[in-house]
Structures are given as structure tokens and as C-alpha cells.
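Written below as C-alpha cells is the structure these notes are about.
Numbering (the working numbering), first residue to last: 78 to 210.
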């Protein structure tokens with residue numbers, strides 16, 4: 078019998094940007110809200126279906142996201158992209174951040190000149206997919 082998973086996280090906050098300017102995607106009462114750059118008011122983006130949340134959770138498992146390091150930093154690049162991510166379920170948790178460096182299980186932490194790893198590109202695509210109406 079397959080292991081039962083908690084489909085909707087207890088906490089989901091994803092921020093990205095640079096030079097102190099960032100956008101934020103946050104789960105509030107079952108809906109995803111986005112606070113765009115330079116804005117103070119969060120806008121409701123979507124209420125993902127249970128099926129989407131289940132697929133997202135399985136995708137995090139596939140990426141081995143539960144083993145991502147707390148911090149990723151490329152000291153060779155002084156400006157660029159910063160990000161932070163917090164996702165909590167009852168049985169699993171991700172809390173990490175980075176500066177021009179990204180988690181990578183699929184491409185073995187391949188990092189070149191601050192370029193995004195395959196894992197990170199797929200993760201960002203999954204958050205865009207979650208927010209589709």
C-alpha cells in the first residue's frame with residue numbers, strides 16, 4: 078500500500094529578487110497569494126486543486142528537495158538573484174536560501190556563473206504551474 082502524504086503544506090513562502098527588491102508567493106488559507114516587486118498588497122493568484130497539490134508534493138520528493146542545503150551562495154558574483162524558500166508539511170520541511178546559486182540533485186550541483194540548475198528551473202516551473210487558474 079502506498080504511503081499516504083499530506084498534500085497541502087502547512088507553510089509555503091517563496092521569495093526571489095535582487096538588491097532588496099523581491100516578489101513573494103505565499104500560501105494563505107488554502108490560496109496562493111503573490112506580492113509583486115515594489116508592491117505591499119498581496120494579490121490572490123490561485124487556489125490549487127487537491128490533485129495539483131498532490132502532484133507538487135510528489136515532484137518535491139522527485140527533486141529530493143527535503144535534502145536541499147540551508148544555504149547556496151556563489152561568492153564570485155556580487156549582484157544578481159537572491160531567493161528564499163520555506164515549505165513545511167507535517168512530515169517534511171524545506172528551509173533554504175541562496176544568492177546566485179541553486180540546489181541541484183538532478184544535475185549534481187552543477188553551477189556555472191550563477192546560472193540556474195535544472196532542478197531550480199523545474200521547481201520554478203512547478204510554482205508557476207501551481208498558480209495557474
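Each residue gets a CB set at the ideal place from its N, CA and C atoms; glycine is no exception.
Exposed or buried, residue i, counting other C-beta atoms within 10 Å across all chains shown (16 or more means buried)?
{"i": "residue 87", "result": "exposed"}
{"i": "residue 196", "result": "buried"}
{"i": "residue 157", "result": "exposed"}
{"i": "residue 120", "result": "exposed"}
{"i": "residue 109", "result": "buried"}
{"i": "residue 89", "result": "buried"}
According to DSSP, is residue i helix, strand or coil?
{"i": "residue 146", "result": "coil"}
{"i": "residue 139", "result": "helix"}
{"i": "residue 78", "result": "Here the model assigns residue 78 a pLDDT of 41, short of 50, so the residue's position is not dependable, and the following value carries that caveat. Three-state result, residue 78: coil."}
{"i": "residue 83", "result": "coil"}
{"i": "residue 154", "result": "coil"}
{"i": "residue 210", "result": "coil"}
{"i": "residue 128", "result": "helix"}
{"i": "residue 199", "result": "helix"}
{"i": "residue 115", "result": "coil"}
{"i": "residue 133", "result": "helix"}
So the candidates are the options; which of them puts its Cα closest to the Cα of residue i?
{"i": "residue 112", "options": "106, 104, 123 and 100", "result": "100"}
{"i": "residue 142", "options": "178, 208 and 162", "result": "162"}
{"i": "residue 191", "options": "169, 160 and 203", "result": "160"}
{"i": "residue 65", "options": "169, 131, 135 and 102", "result": "Any answer about residue 65 is impossible in this case: the structure gives the chain only from 78 up to 210."}
{"i": "residue 181", "options": "165, 137, 158 and 157", "result": "137"}
{"i": "residue 93", "options": "179, 133, 139 and 210", "result": "179"}
{"i": "residue 205", "options": "105, 84, 116 and 129", "result": "129"}
{"i": "residue 82", "options": "115, 194, 167 and 199", "result": "167"}
Report the partner residues of residue i according to the DSSP bridge assignment.
{"i": "residue 205", "result": "Its beta-bridge partners do not exist; DSSP assigns none."}
{"i": "residue 110", "result": "103 and 121"}
{"i": "residue 159", "result": "94 and 176"}
{"i": "residue 88", "result": "165"}
{"i": "residue 192", "result": "Residue 192 pairs with nothing; no bridge assigned."}
{"i": "residue 171", "result": "164"}
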